[in-house]
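Structure first, then comments.
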Amino acid sequence: MGTFEELVAEGEAVPTEGWDFTWFTGRATEQRPSWGYAGLLADRMADATAALDLQTGGGEVLAAVPVAPPVLAATEAWPPNLAIARANLAGFGATVVEAEVTDDLPFPDGAFDLVVSRHPVATRWDEVHRVLRPGGRYLSQQVGSGSVRELTEFMMGPSPAPLHPVAPPPTTTYAGALPIDAVTAAELAGLTVVDVRQEALRMEFHDLAAVVHFLRKVVWIVPGFTVDAYRERLATLHAFMERHGPFVAHSQRYLVEAVRRTPAA
1299 MGTFEELVAE
1309 GEAVPTEGWD
1319 FTWFTGRATE
1329 QRPSWGYAGL
1339 LADRMADATA
1349 ALDLQTGGGE
1359 VLAAVPVAPP
1369 VLAATEAWPP
1379 NLAIARANLA
1389 GFGATVVEAE
1399 VTDDLPFPDG
1409 AFDLVVSRHP
1419 VATRWDEVHR
1429 VLRPGGRYLS
1439 QQVGSGSVRE
1449 LTEFMMGPSP
1459 APLHPVAPPP
1469 TTTYAGALPI
1479 DAVTAAELAG
1489 LTVVDVRQEA
1499 LRMEFHDLAA
1509 VVHFLRKVVW
1519 IVPGFTVDAY
1529 RERLATLHAF
1539 MERHGPFVAH
1549 SQRYLVEAVR
1559 RTPAA
């Protein structure tokens, strides 16, 4: 393990563009949900004729599917990720468009028979319903309430304040929502939820560089994080890991799958 300053510098130097976490290999680990989102995604894509991936990041997860439908589109809000996603998805002939996470989707009604999203910042369930065809399907793995709470509370102190203190519209949920709130919003928007699963997953951070890079990349864990603002807490964490080993936290994940009701239903 390097010195405090060496590890801080290393964690600050790693680019944060894209949604590729391979840099963490050997430095941090996270259990994967038992349902296997990548496998479910591949199965649904193989059966689709027109699919949309919301908040695709750098398109890394979508690019790994073996077979893509004839029509494939994706949205992304962060400009640095757009070029990465377009390059990653070029082999599928996908259209990648810039769209803010809570904006109306720039697609016509009933354009897709499959909409997917992995770890969206926000979910506009009404817009998912609108762009799905009757009988179309939505599949999403979401970040649940209290994810990586141990790291948030170590850095910032315990706080009962919700992640989004302003009440969202009834058909919008944000990362950190409870599964029951997502189901309620989905069904209010006109979708039928057919599957919900939830798991807490062990995470281990083995050095301070991994923590610094993680907090720079996953910005909602410690909002407004900078090394200068949290240098004292980082030094305490570094000393702990030197003496006692990895810092352990738990990510919260849930899977939700929903279908747009047909007119007969």
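Mind the numbering: the sequence shown is residues 1299 to 1563 in the working numbering, read in order. Glycine included, C-beta positions come from ideal geometry on N, C-alpha and C. Since we're looking at a predicted model, the values are computed, not measured.
Among the options, nearest to residue i - alpha-carbon criterion
i	options	result
F1503	V1306, T1314, T1327, E1448	T1327
M1343	S1445, S1438, P1432, A1483	S1438
Q1329	P1368, S1445, G1300	S1445
L1499	A1483, A1547, A1475, V1516	A1547
G1455	V1510, G1300, I1519, A1487	I1519
Three-way DSSP call (helix, strand, coil) for residue i in this model
i	result
P1432	strand
E1304	helix
D1505	coil
Y1528	coil
F1512	helix
D1345	helix
R1541	helix
L1352	coil
T1534	helix
Alpha-carbon spacing of residue i relative to residue j, whole angstroms
i	j	result
R1514	V1363	28 Å
S1549	A1307	26 Å
M1453	P1521	11 Å
E1530	T1524	12 Å
D1477	Q1496	Reading off the sequence shown, one finds Pro at residue 1477, where the question assumed Asp. The straight-line gap from Cα to Cα measures roughly 8 Å.
A1372	R1541	45 Å
L1350	P1367	10 Å
A1346	L1338	13 Å
F1319	A1383	15 Å
V1419	V1516	11 Å
E1564	L1305	In this structure the chain extends from 1299 to 1563, so residue 1564 is not present and cannot be described.
A1388	T1470	31 Å
P1406	V1395	14 Å
8 Å contact criterion, which residue i and residue j should meet: CB distance rounded
i	j	result
Y1552	V1494	7 Å
G1434	D1402	Not a contact, Cβ separation roughly 18 Å.
L1430	R1558	4 Å
Run of the alpha helix (DSSP H) containing residue i, from where it starts to where it stops
i	result
A1483	1477 to 1486
A1372	Here A1372 belongs to no alpha helix (DSSP H); instead the beta strand (DSSP E) covers 1369 to 1374.
L1380	1377 to 1386
Residue interval of the beta strand (DSSP E) (run including residue i)
i	result
T1421	1420 to 1422
Proximity test, residue i beta-carbon vs the ligand ADP heavy atom, cut-off 7 Å
i	result
P1377	As presented, the structure is devoid of all ligands, the ligand ADP included, so that no description of it is given.
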